[in-house]
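The structure appears right after this line, and notes come after that.
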Amino acid sequence: MAEQARLKTGALGAAGITFLVVAAAAPLTVMTGVAPLAVSIGGIGAPVGYLLAGLVLTVFAVGFTAMTRHTRGAGAFYSYITLGLGRPLGAAAGLLAVLSYNALQIGVYGLLGVQFAGAWTRFTGTGAPWWIFTAIGIAGVWALGRRGIDVGAKVIGTLLIAETAILALLVAGVLTKGQLTAGTFTPSAVTSPGMLAILGFCFAAFMGFESTALYRGEARRPDRSIPRATYASVAFLGLFYCLVVWAIVQAFGDERVVEAAGTDPTGLFFTAMDTFVGAWASDLMYVLVLTSVLASQLAFHNAINRYAFSLAHDGLLPAAFGRTHPRFLSPAAAGAAQTILAAVVVAGFALAGADPYLQLLLLVNTPGAIGVVTLQALTSAAVLAYFLRRRGVSGSRVAIAAGGLALILLSVVLYLLIDNIALLTGAAFGANAALVAVVPAILAAGVAWAFKIKIKSPSSYGRIGGEEVRAMNPGPSAAVLDNENRHTEETHA
35 MAEQARLKTG
45 ALGAAGITFL
55 VVAAAAPLTV
65 MTGVAPLAVS
75 IGGIGAPVGY
85 LLAGLVLTVF
95 AVGFTAMTRH
105 TRGAGAFYSY
115 ITLGLGRPLG
125 AAAGLLAVLS
135 YNALQIGVYG
145 LLGVQFAGAW
155 TRFTGTGAPW
165 WIFTAIGIAG
175 VWALGRRGID
185 VGAKVIGTLL
195 IAETAILALL
205 VAGVLTKGQL
215 TAGTFTPSAV
225 TSPGMLAILG
235 FCFAAFMGFE
245 STALYRGEAR
255 RPDRSIPRAT
265 YASVAFLGLF
275 YCLVVWAIVQ
285 AFGDERVVEA
295 AGTDPTGLFF
305 TAMDTFVGAW
315 ASDLMYVLVL
325 TSVLASQLAF
335 HNAINRYAFS
345 LAHDGLLPAA
355 FGRTHPRFLS
365 PAAAGAAQTI
375 LAAVVVAGFA
385 LAGADPYLQL
395 LLLVNTPGAI
405 GVVTLQALTS
415 AAVLAYFLRR
425 RGVSGSRVAI
435 AAGGLALILL
445 SVVLYLLIDN
455 IALLTGAAFG
465 ANAALVAVVP
475 AILAAGVAWA
485 FKIKIKSPSS
495 YGRIGGEEVR
505 AMNPGPSAAV
515 LDNENRHTEE
525 THA
């Protein structure tokens, strides 16, 4: 690809790639915005949930990085699932990825509104509706995305250092002044029913770690640096998340933290910071949270737009989404559609008087979390299938073992997440059933859509998976497919 040819090769080592990926995960937003929900639902064992998610994703990463080595970086979940499981499931995975990322991004707009409203009240002493800040945030993200502005590596790096430092400061304050216990790691805490419900949050907190593969063209010795960066990213996030959430449990105590998280989830971390470090640190954390969530939303917006742009070029989404801005050369059409969708969803919740945190964030994020775990499980199945067909290649045995084990583990996680969804959402059975049904419905629609494309336009069907997949697995030619379709029609006639 021309764009790839312009990338500066050998510019990034394993440490640099790890830095970029961890920064894009916005750990401060995850901790202050979502971890309190995990504690209120999962109890004092919540820190272990992040650790377990990290362990499972480490197994997943073994097969994922093996696939990256052999495919030379052929795209993300969409391309890998296409290569391993075929174009129909690949098409379904692409559509599911767009839905899942949209759900996660749009749900976080509720968190953005609450955080900005809280900061406004803290610094001005006056109140303002959350949806005003959310509307401004949506418009700002659209404007920056339209101009092709992404959060640069230097900005992301600065934010990561600041976010990590402020959270480390909180941990240090709790460790030196608090009364520490090990209740988090007891069997009763880890096996609490609520722990099963928060698995989606725990896995979603690692969102984007697989993007290490996207830096292959710029990496030094990519066959070594990409796997190292992937493992380092998962290890750091898992251990850091576990440590920070454990510190919050210690800050309030095993007996009080669940109630405190349920009563004031958005203020949990700031209350702890006020108590163990000081009001100045809490004020600073408020500012860093606002920049963190904005940067995260913009990064999500740009990623969704480019995914939609690629799917449009592959014939899976309307061709209009594949148009770029004539001046800024950004995927402006896809960005406008994503912005309108976000505005409509947020407006619906605001007009209904819904809680932006406990309803917009939770209900909209839930199908996104289920979708991401489903994509990870499908990718593991794709790794298994891909290397079973290539048993003679180097590293195939390890990839097969890792892919199979990750598939089993992620399938169990997916089952437990769905089975305990009521504890996560607090919604009625009908609403929960509808949220869960979104994912299989999209998968089924994607498979059906791929077969329809195969019948109506075999050449378009051959584009599914992207250019890298077409280079590795071109599939049957249009003429062959036309003959197959004609034979099928004659058979049924």
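The sequence shown begins at 35 in my numbering and counts up one residue at a time. Glycine included, every Cβ here is placed at the ideal spot set by N, Cα and C. Quantities reported herein were computed from a predicted structural model and do not represent experimental measurements.
Which word fits residue i, buried or exposed, when buried means at least 16 other C-beta atoms lie within 10 angstroms of its C-beta?
| i | result |
| --- | --- |
| Gly161 | exposed |
| Val311 | buried |
| Asp257 | exposed |
| Ala108 | Interpretation of Ala108 is limited by its pLDDT of 49, a score under 50 that renders its predicted location unreliable; no figure is taken from the coordinates. |
| Ile442 | exposed |
| Thr116 | buried |
| Glu244 | buried |
| Gly88 | buried |
| Gly118 | buried |
| Thr155 | exposed |
| Glu197 | buried |
| Val55 | buried |
| Tyr275 | buried |
| Ala313 | exposed |
| Leu194 | buried |
| Pro390 | buried |
| Thr297 | exposed |
| Ser428 | exposed |
| Pro290 | Position check: residue 290 holds Arg in this sequence, whereas Pro was assumed. The residue is exposed, with fewer than 16 neighbouring Cβ atoms inside 10 Å. |
| Ala471 | exposed |
| Phe28 | Because the chain in this structure spans residues 35 to 527, residue 28 falls outside the shown range and cannot be described. |
| Gln284 | buried |
Can you tell me where the alpha helix (DSSP H) with residue i in it begins and where it stops?
| i | result |
| --- | --- |
| Thr459 | 455-459 |
| His347 | 313-347 |
| Gly284 | At residue 284 the sequence reads Gln, which differs from the Gly that was named. Segment 256-286, the alpha helix (DSSP H) holding Gln284. |
| Leu395 | No alpha helix (DSSP H) contains Leu395, which DSSP labels as neither H nor E. |
| Asp389 | Counting along the chain, Asp389 falls outside any alpha helix (DSSP H), and DSSP gives it neither H nor E. |
| Ala162 | Segment: none, Ala162 is in no alpha helix (DSSP H) and carries neither H nor E. |
| Met229 | 227-231 |
| Thr297 | 291-297 |
| Thr28 | What is shown of the chain runs 35 to 527, which leaves residue 28 out entirely. |
| Pro221 | 221-224 |
| Pro474 | 463-490 |
Within its chain, find whatever has a CB closer than 6 Å to the CB of residue i; leave out the 5 residues flanking it on each side and keep chain order.
| i | result |
| --- | --- |
| Ala126 | Leu477, Gly480, Val481 |
| Pro70 | Ala295, Pro299, Leu302 |
| Leu350 | Ala125, Gly128 |
| Ala281 | Val205, Val208 |
| Arg357 | Ala367 |
| Met307 | Leu204, Ala315, Ser316, Met319 |
| Trp164 | Gly147, Val148, Ala151, Pro390 |
With a threshold of 7 Å on Cβ separation, who are the neighbours of residue i within its own chain once the five nearest residues in sequence on each side are excluded?
| i | result |
| --- | --- |
| Gly47 | Arg254, Ser259 |
| Val473 | Leu130, Pro401, Ile404, Gly405, Thr408 |
| Tyr265 | Thr92, Ala95 |
| Arg424 | Ser430 |
| Thr325 | Leu193 |
Out of the options, point me to the one whose CA is closest to residue i's CA.
| i | options | result |
| --- | --- | --- |
| Leu396 | Ser74, Ala366, Ala60 | Ser74 |
| Trp176 | His359, Val68, Ser344 | His359 |
| Ala72 | Asp317, Val292, Pro492, Gly217 | Val292 |
| Leu145 | Val323, Arg180, Ala337 | Val323 |
| Val321 | Ala110, Gly287, Ile140, Phe157 | Phe157 |
| Val224 | Tyr84, Lys488, Leu123, Ala370 | Tyr84 |
| Thr309 | Lys211, Pro365, Ala346 | Lys211 |
| Val268 | Gln284, Gly287, Phe237 | Phe237 |
| Ala436 | Leu448, Tyr420, Leu450, Tyr449 | Tyr420 |
| Leu448 | Ala59, Ala49, Val90, Phe111 | Val90 |
| Phe219 | Leu422, Leu86, Leu193, Ala461 | Leu86 |
| Pro61 | Arg361, Ser316, Gly242, Ser428 | Gly242 |
| Gly438 | Leu412, Ala462, Gly426, Gly460 | Leu412 |
| Ser364 | Ala173, Ala388, Ala337 | Ala337 |
| Val446 | Gln410, Gly147, Phe98 | Gln410 |
| Ala202 | Gly179, Pro221, Ile140, Leu273 | Leu273 |
| Ala239 | Arg361, Pro81, Gly426, Thr102 | Pro81 |
| Trp529 | Leu345, Arg340, Phe286, Ile200 | Absent from the model: residue 529. The displayed extent of the chain is 35 to 527, so no value can be given. |
Does the beta carbon of residue i fall short of 7 Å from some heavy atom of the ligand GTP?
| i | result |
| --- | --- |
| Leu444 | No copy of the ligand GTP occurs in the structure displayed, which carries no ligand at all. |
Between which residues of its own chain and residue i is the CB-CB distance below 8 Å, once the five residues before and five after are set aside?
| i | result |
| --- | --- |
| Val142 | Thr63, Gly67, Val327, Ser330, Gln331, Phe334, Leu395, Asn399 |
| Val432 | Val96, Ala100 |
| Phe270 | Thr52, Val56 |
| Gly77 | Ala223, Ser226, Gly228, Met229, Val292 |
For chain C, is any of its Cβ atoms less than 8 Å away from the one on residue i?
| i | result |
| --- | --- |
| Gly426 | The chain labelled as chain C is not found in the depicted structure, where only one protein chain is given. |
Three-pair Cβ contact test at 8 Å for the segment 375-385 versus the segment 161-171: yes
Could you tell me whether the segment 365-382 touches the segment 129-144, where touching means 3 or more Cβ pairs closer than 8 Å? yes
Is it a yes or a no for the segment 143-161 touching the segment 407-424, going by three-plus beta-carbon pairs under 8 Å? no
Stretch-stretch touch, CB-based, cutoff 8 Å, three pairs: the segment 450-457 with the segment 219-236: yes
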